[in-house]
Amino acid sequence: MSQLALLAAKGIDKRFGGVQALSDVDFTINHGEIYGLIGPNGAGKTSLFNVLTGIYVPDGGEFIFDGEPLQRLKPNDVAARGIARTFQNIRLFANLSALENVMIGRHVRTRAGVWGAISRNAGTRAEEAAIHRRAYELLEYVGVEKRAHSLAKHLAYGDQRRLEIARALATEPKLLALDEPAAGMNATETSSLKSLLAEIRRDGTTILLIEHDMKLVMSVCDRVLVLDYGKKIAEGTASAVQNDPKVIAAYLGGEVTLNLKGTS
Amino acid sequence: MRSLFDTHRNPKLAWVGIVLVAATLLVLPFVLASAGTFWVRITNQAILYCFLALGLNIVVGFAGLLDLGYIAFYAVGAYVYALLASPHFNLHLPFWIILPMGAAVACLFGVLLGAPTLKLRGDYLAIVTLGFGEIIRIFLNNLSQPVNITNGPQGLYLIDPFRIGSFNFAHRETILGLDFTGPIKYYYFFLAALIAVIVLNMRLQDSRIGRAWEAIREDETAARAMGINTRNIKLLAFAMGASFGGIAGGMFAATQQFISPESFILVESVMVLAMVVLGGMGNIWGVVLGAVLLSFVPEILRFTVEPVQKALFGRMLLEPEVIRMLLFGLALVLMMLFRPAGILPSALRKRELEVART
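So the protein lines, in turn, are chains A and B. Those letters in the first sequence? Residues 1 to 264, by the working numbering. Those letters in the second sequence? Residues 1001 to 1358, by the working numbering.
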């Protein structure tokens, strides 16, 4: 089991002032799976992402990634260790071309420094050519190569989401963390996103997926973690979670409705 | 006009264009000298401003870090040169040793400024850098006691000009039948250095480091999530920008042969920033154009304002200095209204992108 786990979270806690955003969250993500993270708005999904990727420091608990703890790493070190992410509200480099966006993703896996840039020696030229080639391949992979030279901000919304995935893949992640990639997509775009996710997994990258589109989650995720008010309320296969009464209550608001009646 | 320099689509025409520009630049100082050596000096100063604007462009244009105290690095470079090549300490090191030293010391100051301001952005960073610029100037003004290091407000004088063996840049001599005055000699040296700096900047911009700077400018959080060590990359931008300022400072000290804290006031920082903004932030040719324009236009006004007013009204109504600032302000306001991205903005880049798409 432990060889299978790519990421293990143990007792993750995060507080913002008086708000307990995450309390004692445990889970493990296995190599090669698509792991869903769902929950109602404000359940702590994005907070969990931010704690995982080093944007926030957790108040308690630890992540073990690929056999080593991720404690107190800066976001750039987390990326170097092999976790790449996208953002809920797309954060591309808006005034750079699509190609340049992906080329920047190669930064962490390449070496050239100031001297290389100035001297343009053989090594640097070869590296630049490789960065260029790889970035273009990734644009093809996600299907936005036709807009390679357009500024990122001029891309259609769905293409921006795909570009963000290409940029994240450029860092050669072992774990790709996607924050609501289908948000704002139409049915066609969502179904092609679904095949892209399947392809990424087939090519050997494990995926952690936050998503509100239940149809997408239920059809692509091997296992799902459900958060509500910062607590884990269920974990398991998509179908098992779907039928869990606690999950139904959290989503349909059964208990919440009763509580509201009780308090108001 | 652009096709004249497009080496990809029309190589022959491009070479003609390059040869024409090169020939113009080579003949320029002799043409200017016929109007007065003064104009050659102005040209040299314009080249130094190009250096400064290009250095500041790395910090402001590429990395997006607003720096209002940039002239401090110019001051550091100038004082390093002056202290090591003047009678003040009776040191007379050759310029090719001091210029790199000036760049190194300025680079160190760049890191000193950069390190504590890493977490600051926008307005806050601008205020801190403004303070830094003033601190340097005030230090230069007051470091004459108890040990006299900078000679205070009197400044340093009799600074050595550039010298290679017996070839002295400050002396007038006739070479191949041409009358080479001091400023003309400096002109060729500065021009060569400027070309080197432009090439260097272009290579930096189109590199892994340049892309990382632009990533930080566009979205720092996303840049960090992509594995860019924003701390190091920002410090690098400050250090590189400062080094260019330091070299320009050394050149300034050598040509003027006299420097004082007066030359490094806040208005100078604002002026260099205006060159970057007016020309087009992040665009190397735009920045050069901005620096050349803002160096020459005030000097041209100085000579035209008086005769024009005398011809129109029969007497002087406004001092050239007043008109200069008035026009300068007006130009900036109009720029911000009609071409907010600068004279040569990324529009040039946009066109390249469109060309590539079709």
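Every residue gets a Cβ at the ideal spot worked out from N, C-alpha and C, and that includes glycine.
For this session: Note down, in chain order, every chain A residue with its Cβ under 8 Å from the Cβ of A1212 (chain B).
Result: In the second sequence, the residue the question calls residue 1212 (chain B) occupies position 212. Here the neighbours are I104 and H107.
Exercise. Can you name, in chain order, every residue of its own chain whose Cβ lies under 7 Å from the Cβ of L1065 (chain B), other than the five neighbours on each side?
Worked result: For this step, residue 1065 (chain B) is matched to residue 65 along the second sequence. For L1065 (chain B), where only same-chain residues beyond five positions count, the Cβ hits under 7 Å are V1059, L1125, K1234 and A1237.
Exercise. Leaving out five residues before and five after A1274 (chain B) in sequence, what residues of the same chain have Cβ atoms less than 7 Å from its Cβ?
Worked result: Within the second sequence, numbered from 1, the residue matching residue 1274 (chain B) stands at position 274. Excluding sequence neighbours, A1274 (chain B) sits near L1294 and L1332.
Exercise. Who are the near neighbours of E62 (chain A) in its chain, counting only those whose CB is closer than 6 Å to its CB and skipping five residues on each side?
Worked result: The residue you call residue 62 (chain A) lines up with position 62 of the first sequence. These residues qualify, in order along the chain: K10, P69 and Q71.
For this session: Report the option in A:L22, A:N186, A:A183 and A:L176 whose CA atom is closest to the CA atom of A198 (chain A).
Result: Taking the first residue of the first sequence as 1, we reach residue 198 (chain A) at position 198. Closest option to A198 (chain A), Cα to Cα, is A:L176.
Exercise. For V25 (chain A), does the three-state DSSP call read helix, strand or coil?
Worked result: On the first sequence, residue 25 (chain A) is found 25 positions in, with the first residue counted as 1. V25 (chain A) falls in the strand class under three-state DSSP.
Exercise. Fully enclosed by the stretch 1134-1209 of chain B, which beta strand (DSSP E) runs are 3 residues long or longer?
Worked result: 1173-1175 and 1178-1180
For this session: Compile a chain-ordered list of the residues in the stretch 1223-1254 of chain B whose CB is closer than 8 Å to at least one CB of chain A.
Result: A1223, R1224, A1225, M1226, G1227, I1228, N1229, T1230, L1236 and M1240
For this session: Under 8 Å by Cβ, that's how I've got A1212 (chain B) and I104 (chain A) pegged, so tell me the actual separation to the nearest angstrom.
Result: Taking the second sequence and counting its residues from 1, one reaches residue 1212 (chain B) at position 212. Taking the first sequence and counting its residues from 1, one reaches residue 104 (chain A) at position 104. Confirmed, about 7 Å.
Problem set entry | Presumed contact (8 Å Cβ cut-off) between E117 (chain A) and S1207 (chain B), rounded CB distance | The sequence position of residue 117 (chain A) within the first sequence is 117, counting from 1. The sequence position of residue 1207 (chain B) within the second sequence is 207, counting from 1. A small correction: the amino acid at residue 117 (chain A) is Ala; Glu does not occupy that position in the sequence shown. Indeed, because the Cβ distance is near 3 Å, the residues count as touching under 8 Å.
For this session: Please confirm if R161 (chain A) has its CB atom under 8 Å from at least one CB of chain E.
Result: Among the protein chains in the structure shown, which are A and B, there is no chain E.
For this session: Along the beta strand (DSSP E) that carries T237 (chain A), what are the first and last residues, could you check?
Result: For this step, residue 237 (chain A) is matched to residue 237 along the first sequence. K231 to T237 is the span of the beta strand (DSSP E), which, as asked, contains T237 (chain A).
For this session: Buried or exposed for G1246 (chain B), please, with buried defined as at least 16 other CB atoms from any protein chain shown within 10 angstroms of its CB.
Result: Here residue 1246 (chain B) corresponds to residue number 246 of the second sequence, with the count starting at 1. Buried, by the Cβ-count rule.
Exercise. Any Cβ of chain A within less than 8 Å of the Cβ of G1342 (chain B)?
Worked result: One-based indexing of the second sequence puts residue 1342 (chain B) at position 342. Judged by the 8 Å Cβ criterion, G1342 (chain B) is not in contact with chain A.
Problem set entry | Buried versus exposed, by CB contacts within 10 Å (16 or more), R85 (chain A) | On the first sequence, position 85 is the one that residue 85 (chain A) refers to. Label assigned to R85 (chain A): buried.
Exercise. Mapping DSSP to helix, strand and coil, what is K153 (chain A)?
Worked result: Start at 1 with the first residue of the first sequence, and residue 153 (chain A) comes out as number 153. Three-state DSSP puts K153 (chain A) in a helix.
For this session: Count the other CB atoms, across all protein chains shown, that sit within 10 Å of the CB of Q1154 (chain B); report buried if there are 16 or more and exposed otherwise.
Result: Taking the second sequence and counting its residues from 1, the one referred to as residue 1154 (chain B) is at position 154. Exposed, since its Cβ has fewer than 16 Cβ neighbours within 10 Å.
Exercise. Any beta-carbon of chain A closer than 8 Å to the one on A1215 (chain B)?
Worked result: Locating residue 1215 (chain B) in the second sequence gives position 215, where the first residue counts as 1. Answer yes: the Cβ-Cβ gap between A1215 (chain B) and chain A drops below 8 Å somewhere.
Problem set entry | C-beta atoms of A8 (chain A) and G44 (chain A) nearer than 8 Å | Numbered from 1 along the first sequence, position 8 holds the residue referred to as residue 8 (chain A). Numbered from 1 along the first sequence, position 44 holds the residue referred to as residue 44 (chain A). Going by C-beta atoms, A8 (chain A) is not nearer than 8 Å to G44 (chain A).
Exercise. Roughly how many angstroms lie between the CA atoms of A166 (chain A) and L1130 (chain B), to the nearest whole one?
Worked result: Sequence index remark: in the first sequence, residue 166 (chain A) carries index 166 (1-based). Sequence index remark: in the second sequence, residue 1130 (chain B) carries index 130 (1-based). For A166 (chain A) and L1130 (chain B), the distance between alpha carbons rounds to 40 Å.
Exercise. Comparing alpha-carbon positions, which option in B:N1151, B:W1015 and B:K1185 lies nearest T1037 (chain B)?
Worked result: Taking the second sequence and counting its residues from 1, one reaches residue 1037 (chain B) at position 37. Per the Cα distances, B:K1185.
Exercise. With a cut-off of 8 Å, does the C-beta of T1174 (chain B) fall near any C-beta of chain A?
Worked result: By 1-based counting over the second sequence, the position of residue 1174 (chain B) is 174. It does not: the Cβ of T1174 (chain B) has no partner Cβ on chain A nearer than 8 Å.
For this session: Put Y56 (chain A) into one of helix, strand or coil per three-state DSSP.
Result: Taking the first sequence and counting its residues from 1, the one referred to as residue 56 (chain A) is at position 56. Note: Y56 (chain A) maps to coil in three-state DSSP.
For this session: Compute the Euclidean distance between the alpha carbons of R106 (chain A) and A135 (chain A), then round it to the nearest angstrom.
Result: Counted from its first residue, the first sequence places residue 106 (chain A) at position 106. Counted from its first residue, the first sequence places residue 135 (chain A) at position 135. Rounded to the nearest angstrom, the two C-alpha atoms are 8 Å apart.
For this session: Starting from the beta carbon of L96 (chain A), find every residue of chain B whose beta carbon is closer than 7 Å, and list them in chain order.
Result: On the first sequence, position 96 is the one that residue 96 (chain A) refers to. Correct list: E1214 and E1218.
Exercise. Does N121 (chain A) get closer than 8 Å to chain B when you measure Cβ to Cβ?
Worked result: Here residue 121 (chain A) is taken as the residue at index 121 of the first sequence, counted from 1. Answer no: the Cβ-Cβ gap between N121 (chain A) and chain B never drops below 8 Å.
Exercise. How is D69 (chain A) classed by DSSP in three states: helix, strand or coil?
Worked result: The sequence position of residue 69 (chain A) within the first sequence is 69, counting from 1. Checking the sequence, you will find Pro at residue 69 (chain A) rather than Asp. In the structure shown, P69 (chain A) sits in a strand (DSSP, three-state: E or B).
Problem set entry | Cβ neighbour criterion (16 or more within 10 Å) applied to S1166 (chain B) | Residue mapping note: residue 1166 (chain B) aligns to position 166 of the second sequence, counting from 1. Label assigned to S1166 (chain B): exposed.
For this session: Indicate the three-state DSSP secondary structure (helix, strand or coil) for A1063 (chain B) in the structure shown.
Result: One-based indexing of the second sequence puts residue 1063 (chain B) at position 63. A1063 (chain B): coil per DSSP, three-state reduction.
For this session: Determine, using beta-carbon pairs with one atom in the stretch 137-147 of chain A and one in the stretch 1240-1259 of chain B, whether at least three such pairs fall under 8 Å.
Result: The answer is no - the stretch 1240-1259 of chain B does not touch the stretch 137-147 of chain A, with fewer than three Cβ pairs under 8 Å.
Problem set entry | Under 9 Å from the C-beta of I1058 (chain B): neighbouring residues of chain A | Within the second sequence, residue 1058 (chain B) is the residue found at index 58, counting from 1. Simply none; closest approach about 11 Å.
For this session: Excluding the 5 residues preceding and the 5 following Y1049 (chain B) in the sequence, name in chain order all residues of the same chain whose CB lies nearer than 6 Å to its CB.
Result: As a first step, residue 1049 (chain B) is located in the second sequence; it is residue number 49 there, counting from the start. Contacts found: A1291 and S1295.
Exercise. Excluding five sequence neighbours on each side, which residues of the same chain lie with their C-beta closer than 8 Å to the C-beta of L1317 (chain B)?
Worked result: Here the question's residue 1317 (chain B) lines up with position 317 in the second sequence. Within the same chain, L1317 (chain B) has close Cβ partners Q1309.
For this session: Please list the residues of the stretch 59-76 of chain A that have a C-beta atom closer than 8 Å to any C-beta atom in chain B, keeping them in chain order.
Result: Residues passing the 8 Å Cβ filter: K74, P75 and N76.
Problem set entry | Continuous alpha helix (DSSP H) assignments of at least 4 residues falling wholly in the stretch 157-183 of chain A | As far as the stretch 157-183 of chain A is concerned, its whole alpha helix (DSSP H) runs of at least 4 residues are 157-169.
Exercise. If you measure from the beta carbon of R1121 (chain B) to each beta carbon in chain A, is any gap under 8 Å?
Worked result: Numbered from its first residue, the second sequence carries residue 1121 (chain B) at position 121. By this cut-off, R1121 (chain B) is not an interface position.
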